[in-house]
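Residue numbers (the numbering used here), protein chains in the order written: chain A, 100 to 489; chain U, -12 to 175.
Note that the Cβ used here is the ideal one computed from N, Cα and C, for glycine as well.
Below: the structure, in structure tokens.
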Amino acid sequence: MAEEQQLFKITIDGITIEVPQGTTVLNAARMIGKEVAPPAMCYYSKLEGSGGKCRTCLVEVAAGSTKDPRPMPKLVASCRTVVMDGMIVKNKTSERVIDARNGIVEYLLINHPLDCPICDQAGECHLQDLGYDHGLAGTRYEFKRRTFVREDIGPYVQLHMTRCILCYRCVYVADQLTDHRVHGILDRGDHSDISTYVSKAIDNDFSGNMIDVCPVGALTDRTYRFKNRVWFLKPMDAHRDCDKCCGKVTLWNRGDEVYRVTARKDPWGEVQEIDGKTAWICNTCRFEKKKASDWTIEGPTKIDRHSVISANHYAEKVQPPDPLNKVLFGRKPLLLMDIHEVSKVNTPDIDLSKIPGPATSTTFIDRDEAKDIEQAEAERLLINDHKELP
Amino acid sequence: MQALTNRIKPVSRKPMSIWERMYLPAIFKGMTITFSHMFKKVPTIRYPEKTRPFSPVFRGLQILNRDEEGRENCTACGLCAVACPAEAITMEAAERKPGEEHLYREEKYAAKYEINMLRCIFCGLCEEACPKDAVYLSETFAPANYQRKGFIYGKENLLIPHPKEDPEGFAKARGSRAAHPEGHGNEH
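Structure (structure tokens):
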């Protein structure tokens, strides 16, 4: 087959690769691999027009092209710079880039609260990873951080504007995935605030993908709020027949309980492409199918070894045979202690995955006191709608 | 039989001398050594009436800390549980409701928090991992119980007494090292 597109040669951190014309430097680096790819907070390859806002992907261009080998005077955003033939790019090998990136991280963290112990995104947060790689241990910022009231955008999505880094990814999701966008960014600069018109609920079927797209914990799943930490859950690839979306998801389980459903992620933290299409999932799959029987489990999700989520997880499907089976000839072992008699954690009468919002003090009331659960639930929902702060 | 070493000494079989057969001199010699110990410094102490000062790095049973207003510090972030090499710690989080601000310091708190003291190896990694100043290894040690289930400590066992309602218990739970964080100087 005659290759119509011209292949351009680009060298990133000393590794040369040929990429089709029109590829961005960031995507060329991603083709080489994780070691050379610059981090990206706002660029999302599946969303048209994203990128160019956060400046974390800045790289140094040591030679513009073969024809014009002069270096570019300033660092350029690799997500918005198109590859030229013979371009030489320095990412991690450039001290200027590392220095600039440290500055960008500090800048992003100026208004970002240090509430990772509370935030549900912790463990899969891109800003956390970035801060870990490039951030300072302390802050030099002495002023009051910008704070916003926590807001519920519809019944499923919760917005913590305080944590937002203004990457605009969620706005692109609403523009490109749903038929009409009802939320956007109000005001400018430091005062920028993501909101809906008169807090109008986002009820579109694909609005939940904003949660997956958000690089920080600004948009989180209300049904998963405070239920568990991601690294204690087992990610499992699963699918179901869905008439709205591809139905291919990752389940986050504790035992057989489905705590959370997300789209499948690729190594860049973006929603995977399955059969040439981005595997966005619909809100029904994401929020309403929280029973193990709703899903066909394919197997454990492959998690990067360096991720905290892989702690104590084993990707092998094959389990070693239980030695008790052989010794006891198939009889059940006589257990002298039932863990639920001594431990109050994970009691069988409370299914955390089934309650629609975070657990509160009314969730864990003693069952003997027999407080009406329905009433507790109604009370809890009222609290959820309650706005914090005066 | 071939000897294993060349340091073998044959047992002396010769009969005892009259001095040795008298026996009493040897007895007196031994008693002198025993008696002289009564005037030496005693290296032991009468535990439990007396205790030794704790080393600044002593690691006993865990306590869950409160802040100066008596609110629980723990936010159930799970870092202690993920750091625990013995997997002794489990927890369940809950959201703080309006009106509970005097109980919990932040909007999320540990509704359940359990440490299996039979599993715990007292390595102190939970204390090191805690970002909220909530888990400390105290000076309490050697717990005793008749049953294994008594060793699964819930929040009622772990929480430090309220600093305002029970200042004595609070000070006792904080232990002797709270006043001397750098150590007593006589740890050696």
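Report the start-end ranges of each beta strand (DSSP E) in the region 242 to 295 of chain A that is 3 residues or longer and not cut off at the edges. The qualifying runs are 250 to 252, 256 to 258, 282 to 285 and 292 to 295.
Compare the C-beta of Ala317/A with all C-beta atoms of chain D and state if any pair is closer than 9 Å. Included in the structure are the protein chains A and U, with no chain D among them.
Candidates Val256/A, Asn308/A, Asp421/A and Ile284/A: which alpha carbon is nearest Leu276/A's? Translated into positions along the first sequence, residue 276/A becomes position 177. Among Val256/A, Asn308/A, Asp421/A and Ile284/A, the Cα nearest to that of Leu276/A is on Asn308/A.
Which chain U residues sit within Cβ distance under 8 Å of Trp330/A? Here residue 330/A refers to the residue found at position 231 when the first sequence is read from its first residue. Simply Gly65 and Val69.
Kindly list, in the order they appear in chain A, the residues whose Cβ is closer than 7 Å to that of Glu87/U. Within the second sequence, the letter at position 100 stands for residue 87/U. Correct list: Ser460.
Report the residues of the region 129 to 141 of chain U with a CB closer than 7 Å to any CB of chain A, ordered along the chain. Listed by position along the chain: Arg135, Lys136, Ile139 and Gly141.
With H, G and I counted as helix, E and B as strand and the rest as coil, what does DSSP make of Gly398/A? As a first step, residue 398/A must be located in the first sequence, where it is residue number 299. Note: Gly398/A maps to strand in three-state DSSP.
Buried versus exposed, by CB contacts within 10 Å (16 or more), His439/A: As a working mapping, residue 439/A is identified with position 340 in the first sequence. Exposed, because fewer than 16 other Cβ atoms sit within 10 Å of the Cβ of His439/A.
Going by Cα to Cα distance, which pick from Pro2/U, Arg39/U and Ser23/U is closest to Ser163/U? For this step, residue 163/U is matched to residue 176 along the second sequence. Of the listed residues, the one whose Cα sits closest to Ser163/U is Arg39/U.
Assign Thr19/U to buried or exposed, taking buried as 16 or more other Cβ atoms, counted over all protein chains shown, within 10 Å of its Cβ. Your numbering for residue 19/U matches position 32 in the second sequence. Its Cβ having fewer than 16 others within 10 Å, Thr19/U is exposed.
Go through its chain and collect everything with a Cβ distance to Asn201/A's Cβ below 6 Å, but skip five positions before and after it. By one-based count along the first sequence, residue 201/A stands at place 102. For Asn201/A, where only same-chain residues beyond five positions count, the Cβ hits under 6 Å are His233.
Report buried or exposed for Lys173/A, applying the criterion of at least 16 other Cβ atoms within 10 angstroms of its Cβ. Along the first sequence, read from residue 1 onward, the residue named residue 173/A stands at position 74. Burial call: exposed.
DSSP has Phe107/A in a bridge; who is on the other side? Within the first sequence, residue 107/A is the residue found at index 8, counting from 1. Val118/A.
Going along the chain, which unbroken runs of the alpha helix (DSSP H) with 4 or more residues stay wholly within the region 44 to 90 of chain U? Counting only runs of 4 or more, we get 66 to 70.
Cβ of Ala73/U less than 9 Å from any chain A Cβ? For the purposes of this step, residue 73/U is identified with residue 86 of the second sequence, where counting begins at 1. Taking Cβ atoms only, chain A never reaches closer than 9 Å to Ala73/U, which makes this a no.
How far does the alpha helix (DSSP H) with Trp6/U in it extend, from its first residue to its last? Position 19 of the second sequence holds residue 6/U. Following the DSSP letters along the chain, one finds Trp6/U inside the alpha helix (DSSP H) bounded by residues Ile5 to Met9.
Buried or exposed: where does Asp395/A fall if 16 or more other Cβ atoms within 10 Å of its Cβ makes it buried? Reading the first sequence from its first residue, position 296 is the one you call residue 395/A. At residue 395/A the sequence reads Thr, which differs from the Asp that was named. With fewer than 16 other beta carbons inside 10 angstroms of its own, Thr395/A counts as exposed.
Do Pro334/A and His225/A have their C-beta atoms closer together than 9 Å? Stepping through the first sequence from its first residue, residue 334/A is reached at position 235. Stepping through the first sequence from its first residue, residue 225/A is reached at position 126. The answer is no: Cβ separation not under 9 Å.
Could you tell me which chain A residues have their CB closer than 8 Å to the CB of Met78/U, listed as they occur along the chain? Taking the second sequence and counting its residues from 1, one reaches residue 78/U at position 91. Contacts between Met78/U and chain A, judged by CB atoms closer than 8 Å, involve Val444 in chain order.
When the Cβ atoms of the region 254 to 270 of chain A are set against those of the region 320 to 336 of chain A, are three or more pairs found closer than 8 Å? Judged by Cβ distances under 8 Å, the region 254 to 270 of chain A makes contact with the region 320 to 336 of chain A, as three or more pairs qualify.
Check whether the region 339 to 352 of chain A and the region 227 to 243 of chain A are in contact - that is, three or more C-beta pairs closer than 8 Å. At 8 Å Cβ cutoff, the stretches do not touch.
So, helix, strand or coil for Met25/U, using DSSP? For this step, residue 25/U is matched to residue 38 along the second sequence. Three-state DSSP puts Met25/U in a helix.
Check whether Asn103/U and Ile76/U have beta carbons under 9 Å apart: As a working note, residue 103/U is residue 116 in the second sequence. As a working note, residue 76/U is residue 89 in the second sequence. With respect to Ile76/U, Asn103/U sits close: the two C-beta atoms are nearer than 9 Å.
In angstroms with no decimal places, state the Cα-to-Cα distance between Ser144/A and Val182/A. By 1-based counting over the first sequence, the position of residue 144/A is 45. By 1-based counting over the first sequence, the position of residue 182/A is 83. Approximately 16 Å between the Cα atoms of the pair.
Considering only DSSP beta bridges, list what Ile139/U is partnered with. The residue you call residue 139/U lines up with position 152 of the second sequence. Beta-bridge analysis with DSSP links Ile139/U to Asn103/U.
Can you find a C-beta in chain U that's less than 9 Å from the C-beta of Ile310/A? One-based indexing of the first sequence puts residue 310/A at position 211. No, because no Cβ of chain U sits closer than 9 Å to the Cβ of Ile310/A.
Please confirm if the region 351 to 364 of chain A is in contact with the region 280 to 293 of chain A, defined as three or more CB-CB distances below 8 Å between the two stretches. In short, these stretches do not touch, since the Cβ pair count stays below three.
Of all the CB atoms in chain A, is at least one closer than 9 Å to the CB of Arg83/U? Position 96 of the second sequence, counting from 1, holds the residue named residue 83/U. The beta-carbon of Arg83/U is placed less than 9 Å from the nearest beta-carbon of chain A.
For the region 133 to 219 of chain A, list the alpha helix (DSSP H) runs that are entirely contained and at least 4 residues long, ordered along the chain. If we require 4 residues or more, the alpha helix (DSSP H) runs fully inside the region 133 to 219 of chain A come out as 194 to 207.
Give every residue of the same chain whose Cβ lies closer than 7 Å to the Cβ of Arg46/U, excluding the five residues on either side of it in the sequence, and list them in chain order. Indexing the second sequence from 1 puts residue 46/U at position 59. Phe109, Gly111 and Leu124.
Selected residue, minimal CA-CA separation from Ile501/A, among Gly132/A, Gln120/A, Gln104/A and Gly121/A: One cannot answer for residue 501/A here, as it falls past the ends of chain A, which runs 100 to 489.
In the DSSP assignment, the alpha helix (DSSP H) including Lys431/A goes from what residue to what residue? For the purposes of this step, residue 431/A is taken as residue 332 along the first sequence, with counting starting at 1. Counting along the chain, Lys431/A sits inside no alpha helix (DSSP H), nor does DSSP assign it H or E at all.
In whole angstroms, what separates the C-alpha of Lys425/A from that of Leu435/A? Here residue 425/A refers to the residue found at position 326 when the first sequence is read from its first residue. Here residue 435/A refers to the residue found at position 336 when the first sequence is read from its first residue. Within the model, the alpha-carbon separation for Lys425/A versus Leu435/A is close to 20 Å.
Along chain A, in chain order, which residues have C-beta atoms closer than 7 Å to that of Glu93/U? Position 106 of the second sequence, counting from 1, holds the residue named residue 93/U. Per Cβ cutoff of 7 Å: Ile217.
In the structure shown, what three-state DSSP assignment does Pro334/A receive? For the purposes of this step, residue 334/A is identified with residue 235 of the first sequence, where counting begins at 1. Three-state DSSP puts Pro334/A in a strand.
Alpha carbon to alpha carbon, how far is Val270/A from Phe41/U? Start at 1 with the first residue of the first sequence, and residue 270/A comes out as number 171. Start at 1 with the first residue of the second sequence, and residue 41/U comes out as number 54. Using only the alpha carbons, I get a separation of about 58 Å.
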